[in-house]
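Before any comments, here is the structure.
Chains as they are written, first to last, in this note's numbering: chain A, 1 to 344; chain B, 345 to 688.
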């Protein structure tokens, strides 16, 4: 049966922050299903810094979302109609659902097949986009790549963000001194009280550099980098010999990146990598498919043992709320994983 | 017997380029030797970009040269007086001789003991500061760390410099496509004709970015980075998935580095490390002492087989010429290894 879908299509590439007119909300009829297809109703849409990258025509790790295409996005949903045996009506699926209410689950048409989640769900649904989803796995891989050891000092920027909040707890589990960097006193209190950071530096304070120096008296062995910009630059200046930078994200740049042109700022302390014989390793979770099971197993174990705190900011208001909600990632308004509830 | 030594002492830290008054040439009497000491006459002084780092009070890999101390430098010399059995008169030694004509070789007083070279010398003396010295070993380690493979594309900045010229030939030996970046058409011609580069991009040409793009149609798998600045930034923008950056030097920054302050430029393309899952590894040759023999053996083998071309720029005029000669490294006036002949 044909249904009315509502979807955000990318009409033009944002110049700086996402602005009105960059995305357009359109109503479209879904086609009658044929064999091999199912129809999924999006329940939760994950908002990630990388969404902004996908909108830009830069040299990214996936092609830019084509102009006029439905905006790319990860989410979970429920199968409401089906002509495929592996996705019965009522099943819960996750993957690249896009910024839309209804998804035509056709493996030949989607960028990547949707995955069917276990039934019954072993954790609340939002966790499959957060602590037990790509976000949690990203944190796990980034900590593991850095070979963080007990007694070392790690700095995690975006300390209360979706990835950072999990990374901090994985770092603590390894016995490291864990120093967070977050925006504002509320987040910093939360980081210490709930997420187990030893110290949290408020980068909105004028003296954040001094705070960071004080918090890392023995220098920095590992940087789990989510932000880039001046924070990363300062951290680079405090690396110890043999330090490792797990480069996960540089959200400070995503709104201003100007390929081929001039760019405000830029990192000035990369030379410290020589002096300290240090390494930066950029990574993307999608390269680690063969370790998802290990990562999810580890995180689920911590969760089950009550040793993993996770935060969600769920924005209500349906799909319509997505563009405005995305801005929270860049202003830092969200705590933990940022989701939009598209339907119940 | 007491002798008159002439030495450059660091009187103040340079602000930008080394200027008159930063170093002072002084005359001093050497002490009477006691047991365990020898007196060495410096023959050749190696000028390296890192000399400039040693003058600055930044977070370097060795302590800054103290104010009023003899300027640190690597060189070779001949033992002219001795009260130690391991350094007979006439022996040739190499190591941290300092910017001075006479060196008191006392292991308790020097930063590092001098090494006695084999007798007779298996190659011309200057080679022990270049192709078979710390410079050649640096090139060897940097190429090896990057795990450069046949068929890959490597870019080497400072292509005709002391390290770059050797790195280029080691890269070619591995069967890579080797792209150099050097300053000026003469150097570029030399890079292709004598050093075996497949292509050399003249970074003084206005269209150097386009030239570099054309020279790397399949992107860049390895960057052997000696320069930093806009060249490195552009290279970062062309890295392939899984690319490795061997970060050896950033000479473009050594005169302008301003610790804790504002800094012109800065790298804007570090985010590409995420997109391309790429790695930067900073390294220093002094960490690889256990591989010096392997490296020198490999380089000596190439040299013996006539497969290693090396260039020297030897500045005459004695020790006095050292400060002015150092500037050549930053203007790019030298070809290959830059040395000062302090005595015959």
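For each residue, glycine too, the CB sits at the ideal point set by N, CA and C.
With the criterion set as a beta carbon lying under 8 Å from some beta carbon of chain A, the members of the segment 613-637 of chain B are 614, 615, 616, 617, 618, 619, 620, 621, 622, 623, 624, 625, 626, 627, 628, 631, in sequence order. Judged by DSSP secondary structure, residue 157(A) falls outside any alpha helix (DSSP H) and instead within the beta strand (DSSP E) spanning 153-157. If you check the CB distance, residue 273(A) and residue 591(B) come in under 7 Å.
When the beta-carbon positions are compared, residue 622(B) and residue 282(A) come within less than 7 Å of each other. Burial is judged here by how many other beta carbons sit within 10 angstroms of a residue's own beta carbon; residue 202(A) has at least 16 and is buried. With respect to chain B, the C-beta atom of residue 253(A) has a partner C-beta closer than 7 Å. For the segment 377-405 of chain B, the set of residues with a beta-carbon nearer than 7 Å to any beta-carbon of chain A comprises 403, 404, 405, in chain order. In terms of Cβ geometry, residue 168(A) and residue 181(A) do not form a close pair [threshold 7 Å].
Taking a Cβ-Cβ threshold of 8 Å, none of the residues of chain B is close to residue 148(A); the smallest such distance is about 17 Å. Counting along the chain, the unbroken alpha helix (DSSP H) around residue 531(B) starts and ends at 529-537.
Note on residue 585(B): under 16 other CB atoms within 10 angstroms of its CB, so exposed under the neighbour-count rule. As the crow flies, the alpha-carbon of residue 151(A) is around 5 Å from that of residue 176(A). Proximity to residue 615(B) across 165(A), 64(A), 60(A) peaks at 60(A), based on C-alpha coordinates. For residue 212(A), none of the residues of chain B pass the 8 Å Cβ criterion, the least Cβ distance being about 13 Å. Those residues of the segment 153-172 of chain A placed with their C-beta closer than 7 Å to a C-beta in chain B do not exist. Distances from the alpha-carbon of residue 365(B) to those of 449(B), 556(B), 353(B) put 353(B) closest. Look at residue 174(A) here: in three-state DSSP terms it is coil, with no helix or strand label. At least one CB atom of chain A sits nearer than 7 Å to the CB of residue 611(B). Residue pairing by DSSP puts residue 544(B) in a beta bridge opposite 524(B). Listed in chain order, the non-local C-beta contacts of residue 2(A) below 8 Å within the same chain comprise 29, 30, 31, 32, local neighbours out to five positions each way being set aside.
Within chain B, the residues whose beta carbon sits less than 8 Å from that of residue 247(A) are 614, 617, 618, listed in sequence order. Taking the C-beta atoms as reference points, residue 570(B) is found nearer than 7 Å to residue 502(B).
The C-alpha of residue 644(B) lies about 7 Å from the C-alpha of residue 476(B). In the three-state reduction of the DSSP assignment, residue 489(B) falls in the helix class. Annotation for residue 313(A): the continuous beta strand (DSSP E) segment containing it runs 312-315. Not one beta carbon of chain A lies nearer than 7 Å to the beta carbon of residue 345(B). Using beta-carbon distances, residue 250(A) counts as an interface residue toward chain B, with a partner under 7 Å.
Beta-carbon to beta-carbon, residue 25(A) and residue 320(A) are separated by about 6 Å, close enough to satisfy the 8 Å threshold.
By the criterion of a C-beta distance shorter than 7 Å, residue 579(B) is surrounded in its chain by 499, 564, 567, once the five residues flanking it on both sides are discounted.
When DSSP states are grouped into helix, strand and coil, residue 365(B) belongs to the coil group. Contact annotation: residue 613(B) and residue 581(B) have beta-carbon atoms nearer than 7 Å.
By the neighbour-count definition (other C-beta atoms within 10 Å, threshold 16), residue 411(B) is an exposed residue.
Note that the C-beta distance between residue 76(A) and residue 44(A) is below 7 Å.
Look at the segment 517-533 of chain B: it has no residue with a C-beta under 9 Å from a C-beta of chain A. Judged by their CB atoms, residue 84(A) and residue 130(A) are not nearer to each other than the 7 Å cut-off. Of the other Cβ atoms in all chains shown, 16 or more fall within 10 Å of the Cβ of residue 81(A); this residue is therefore buried.
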